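A.B. asks: Here it is, the structure, as structure tokens.
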Amino acid sequence: MNKEKQGLTVSKQKDFSEWYTQIVQKAELADYAPIQGFMIIRPNAYSIWEKIQENFNKVLDKRNIPNSYFPLLIPESFFKKEAEHAKGFAPELAWIEKTTEEEKLAIRPTSETIMYDSYSKWIRSWRDLPFRLNQWCNVLRWEVSTTKPFIRTREFLWQEGHCVYETEKQCEKETLEILSEYEKICNDLLAIPTISGKKTDKEKFAGAKTTFTVESLMPDGKALQMGTSHNLGQDFAKAFNISYLSKDEKTLTPWQNSWGFSTRLIGALIMTHSDDKGLVLPPKVAKKKVVIIPILFEKTKKAVLKEAKKINSILQDSFLDDREEYTPGWKFNEYELQGIPIRIEIGPKDLAKKQTIVVRRDNNEKKSIKISNLKKEIPKILDDIQESLYKKAKKFLDSSIVEVKDMNSLIKTINQKKLAKTYFCGSEECEDWIKDKTKGATSRCSPLDQKPKKNRCVYCNKEANNYTYFSKSY
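Note that the working numbering gives residue 203 to position 203 of the sequence shown, counting from 1, and the numbers run on in steps of one.
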């Protein structure tokens with residue numbers, strides 16, 4: 001590895017954007033592709049994505065939702081079948097210029113249309129319902145705004161689930177259950193605290209009846225949408241002629257939902273936990289959780305290496321770096337940059353005491369642990385790192401929420417890069433005005449667990465029974 005690539009040259013607090021860019025590149029998570037707005041996902045980041053996939057595939061298995069795969073290209077006529085959906089995605093579509101087909105083909109921005117064409121052929125009876133599929137794939141949205149690796153790129157990886165139900169009650173139930181599963185992935189796997197709720201009509205998915213979202217707040221004060229789950233109602237089913245024969249032999253229109261999260265979760269993880277030394281990985285998503293670094297001197301090299309290999313053999317998800325062309329200090333910096341949760345150091349003095357020095361990546365705490373106790377103690381430390389990262393991030397989120405009752409306070413809160421919690425009537429007109437007055441703040445969600453309370457909209461002063469979170473966002 002080139003030594004010039006080591007180390008960050010800016011701090012997280014002083015230049016967040018450049019700090020993020022440097023971590024992505026220097027921790028070898030991604031690189032810029034030769035095509036503007038695209039990225040190359042490198043192994044260090046793809047292994048995180050694999051952990052996320054592994055975790056969510058278990059959720060799918062429990063729910064009996066199989067994985068599948070549908071074509072990358074979508075006929076133009078499919079988009080036109082559902083008017084609101086077509087209007088919402090029209091600016092982001094990338095069209096194939098040369099084709100032998102009779103009509104234009106677009107690269108999928110999402111797969112509702114291509115999947116539902118098949119659903120109309122496969123679903124015939126109430127016995128076929130619920131009908132549920134998921135696919136892991138790439139999508140392309142021709143973003144014209146500034147792109148940022150993992151957070152906003154023209155091509156990204158994601159999962160998208162698409163289900164069909166007999167009743168709206170069944171549809172709504174699983175729509176919200178999937179949202180809960182997304183919360184668990186963010187909280188338990190990625191150690192990122194979240195706020196979940198319902199999107200406003202202005203911010204909902206194009207073509208959906210209702211959109212639910214999981215949101216988090218990044219350290220620079222911008223909200224990030226972590227995953228969404230949509231009750232699509234019956235419009236897509238009607239547009240694509242999806243119907244079923246009920247038990248009493250009536251032809252009925254089913255209800256549908258769709259839900260997804262993307263590689264944006266990797267960007268959220270980087271922003272939330274990392275520091276001025278580099279990436280910080282929650283142990284549950286780290287493929288390599290422990291690095292063992294022997295401190296080598298000529299006279300004691302053989303004995304130290306022998307013990308280091310023995311330690312490596314008894315630990316899980318560990319690896320030994322016995323390269324002699326790099327100093328221990330250089331290796332320390334390298335693995336701090338890459339976010340390895342635990343570093344174990346062992347040298348001749350440690351060997352004589354039958355101990356090691358264990359260093360935590362999250363807080364740089366050093367601790368002497370007997371070699372005989374490593375197998376028992378390392379899993380405990382990994383669990384504590386996972387919990388500590390979540391608690392630290394939760395403390396930041398909680399301290400960033402400010403309740404506001406008027407527009408002056410709302411504008412001030414947004415300027416302070418906080419998350420404003422305020423009563424809001426829900427109208428698109430008010431939302432447009434709030435965005436204009438705050439120079440870019442949008443509604444993030446209205447929490448589902450709140451108890452309706454009579455109040456007044458922060459902008460128009462009309463009756464508003466629910467509060468909503470506002471902030472600037474990615």
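Glycine residues also receive a C-beta, built at the ideal position from the N, C-alpha and C atoms.
Note that the coordinates shown come from a computational prediction; the quantities given were computed from them, not determined experimentally.
Assuming L190 contacts K277 under a Cβ cut-off of 8 Å, what Cβ separation, rounded to an integer in Å, is found between them?
C.D. replies: L190 to K277, Cβ: 20 Å. No contact.
A.B. asks: Suppose contacts are defined by Cβ-Cβ distances below 8 Å. Is A239 in contact with K104 by that definition?
C.D. replies: No. Outside cutoff.
A.B. asks: DSSP beta-bridge partners for R360?
C.D. replies: I342
A.B. asks: Looking only at C-alpha atoms, which of N44, I35, F38 and K14 sits nearest to K26?
C.D. replies: N44
A.B. asks: Would G482 be called buried (16 or more neighbouring beta carbons within 10 Å of its own) or exposed?
C.D. replies: An answer regarding residue 482 cannot be provided, because it is not within the stretch 1 to 474 covered by the chain.
A.B. asks: Provide the residue span of the alpha helix (DSSP H) that contains Y116, from first to last.
C.D. replies: E112 to W122
A.B. asks: For H230, which residues does DSSP report across the bridge?
C.D. replies: T211 and S258
A.B. asks: Compare the beta carbon distance of I292 and I266 with 8 Å and say whether it is the shorter of the two.
C.D. replies: Against a cut-off of 8 Å, the Cβ pair of I266 and I292 comes out as no contact.
A.B. asks: How would you label G440, buried or exposed, when you count the other beta carbons within 10 angstroms and need 16 or more for buried?
C.D. replies: exposed
A.B. asks: Any beta-carbon of chain B closer than 8 Å to the one on S313?
C.D. replies: The chain labelled as chain B is not found in the depicted structure, where only one protein chain is given.
A.B. asks: Check for me: the alpha helix (DSSP H) holding N197 runs from which residue to which?
C.D. replies: One point to set straight first is that residue 197 is Gly, not Asn, in the sequence displayed. No alpha helix (DSSP H) holds G197; the beta strand (DSSP E) holding it covers I195 to K198.
A.B. asks: Would a C-beta distance cut-off of 8 Å place F89 and A237 closer than the cut-off?
C.D. replies: no
A.B. asks: Mapping the DSSP letters down to three states, classify P379 as helix, strand or coil.
C.D. replies: helix
A.B. asks: Answer yes or no: do T438 and L419 have a C-beta to C-beta separation smaller than 8 Å?
C.D. replies: no
A.B. asks: I'd like to know if the stretch 304-322 and the stretch 50-59 are in contact, where contact means that at least 3 CB-CB pairs between them fall below 8 Å.
C.D. replies: The answer is no - the stretch 50-59 does not touch the stretch 304-322, with fewer than three Cβ pairs under 8 Å.
A.B. asks: What do you get for E174, buried or exposed, if any count of 16 or more other CB atoms within 10 angstroms of its CB means buried?
C.D. replies: buried
A.B. asks: Compare the beta carbon distance of L133 and S229 with 8 Å and say whether it is the shorter of the two.
C.D. replies: The Cβ atoms of L133 and S229 do not sit closer than 8 Å to each other.
A.B. asks: Touch check for the stretch 395-411 and the stretch 162-182: three-plus C-beta pairs under 8 Å?
C.D. replies: no
A.B. asks: Leaving out the 5 sequence neighbours to the left and right, which residues in its chain are closer than 6 Å to T300 when beta-carbon positions are compared?
C.D. replies: P348
A.B. asks: Out of K98, T442, F78 and K148, which has the shortest C-alpha to C-alpha gap to S17?
C.D. replies: K148
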